[in-house]
Amino acid sequence: MSIETPLRSEQETTVQRKPMLEVQDLVVRYGHGRKTAAAPAAVDGVSFTIQSGETVGLVGESGSGKSTIGKAILGLQKISGGSVGFQGEDITHTTSGKRRAIGSELRAVFQDPNSSLNPRKTIGASLAEPLRVRGISAAAARTKAEDMLERVGLPREAVDRYPSQFSGGQRQRISVARALICEPKLVVCDEAVSALDLSTQAQVLNLLADLRDERGLSYLFIAHDISVVQFLAQRVVVLYRGQVMESGPAAAVTENPKHPFTQALVAASPVPRPAEQAERRAVREALGVRTASAVAAGPGGCPFRQRCPLATELCATERPALRRMGEADVACHHA
Ligand code: SF4
19 MSIETPLRSE QETTVQRKPM LEVQDLVVRY GHGRKTAAAP AAVDGVSFTI
69 QSGETVGLVG ESGSGKSTIG KAILGLQKIS GGSVGFQGED ITHTTSGKRR
119 AIGSELRAVF QDPNSSLNPR KTIGASLAEP LRVRGISAAA ARTKAEDMLE
169 RVGLPREAVD RYPSQFSGGQ RQRISVARAL ICEPKLVVCD EAVSALDLST
219 QAQVLNLLAD LRDERGLSYL FIAHDISVVQ FLAQRVVVLY RGQVMESGPA
269 AAVTENPKHP FTQALVAASP VPRPAEQAER RAVREALGVR TASAVAAGPG
319 GCPFRQRCPL ATELCATERP ALRRMGEADV ACHHA
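Going by my numbering, the sequence shown opens with residue 19, and the numbers climb by one from there.
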């Protein structure tokens, strides 16, 4: 007994410490068959972890690979290399049957709420669906749907209405309710507030934060606007053309960015105060970062070099590895 007890507690500690999500050297290439190997990587060696109850923000411009990473984690995109672990289990190439089994623990909220709501089904039917699949009775599923609607700030009677009877912000609340009704452990939010106006955005972000805190949820929060990510995330991963440019605690990355691309992202993010906006515009101009449309991507070296005002010959030949700078990891030869 005296020998077994410490052993068991050691095992429990090991289990507790396993990250909720562990993405290791993830590579995704688009294409079919042999052509896939020759295709450029949409995601190129990305690694990060999410702990239980933690929110990690994945931020980057369109085409940075952030949504592809979300899809790969959800099993909606084939993975070309690396691994994805969920609660200590390798789910990189899990079968659809196994995916269904973990489906209630790993859920998603997408930009377009209509992607998870059937216009011909009542809200109650859409919300009950994932519960009914898991064998919960129709009556219990309806009650749970009503409870969940109430929790996201909608009336219980909304169960009998159709998606078209709600505004965009309300539909996104319903999508959140649908994602959370199975009591998941991790929710991938892919541009979940991007289509909403600023005040509705703030309401949905507050709702997501409250639900995280009361349920101990983990989020992978994907967005192009770093100020939105900053509101919710404890840690931030900045992507450019499928590679991590900078990652670290949200405050360090957003308030004192080290990588030229992160600096440009922060300077470009909209703020409601005109004076601060003007200050950011001045910083953006002083940085001298070229716009995305001005240049094409080139293979090898630093993926940001064609837009970067600090680029040297080294940047064209050698891909910068992530190195620790203060609290963040930064992939830049000259930061
Ligand atoms: S490695 Fe070079 S090109 Fe890339 S961000 Fe740093 S200075 Fe700019």
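Just so you know, even glycine gets a beta-carbon here, dropped at the ideal spot from N, CA and C.
Approximately 6 angstroms separates the beta-carbon atoms of S82 and R259; this is inside 8 angstroms, confirming the contact.
If you draw a straight line from the Cα of H352 to the Cα of T161, it comes to about 58 angstroms. Taken from the Cβ of R174, every heavy atom of the ligand SF4 lies 7 angstroms or farther away. Close to the ligand SF4, as judged by a C-beta nearer than 5 angstroms to any of its heavy atoms, are the residues P278, C320, F322, R323, C326, L328, A329, C333, P338, C350, H351, H352, in chain order. For T54, the enclosing alpha helix (DSSP H) covers residues 53-56. The C-beta distance from G115 to D43 rounds to 26 angstroms, too long to meet the 8 angstroms contact threshold. Counted as a single uninterrupted DSSP element, the alpha helix (DSSP H) harbouring P278 occupies residues 278-286. Residue pairing of C207 in beta bridges, as defined by DSSP: V127, F239. Closest option to G88, judged by alpha-carbon separation, among P58, F128, R52: F128. When beta bridges are read from the DSSP output, V247 appears opposite no residue. DSSP links P317 through a beta bridge to no other residue.
Below 8 angstroms, enough C-beta pairs join the stretch 314-329 and the stretch 272-282 to call them touching: three or more.
Between the stretch 63-82 and the stretch 233-251 there are three or more inter-stretch CB-CB distances shorter than 8 angstroms, so the stretches are counted as touching.
A direct Cα-Cα distance of roughly 23 angstroms separates R52 from V102. Within the same chain, L44, V45, V46, G83, T86, I87, A90, G260 come within 8 angstroms of V61 by CB-CB distance, once the 5 residues on both sides are set aside. With contacts defined by Cβ atoms closer than 8 angstroms, K36 and G106 form a contacting pair.
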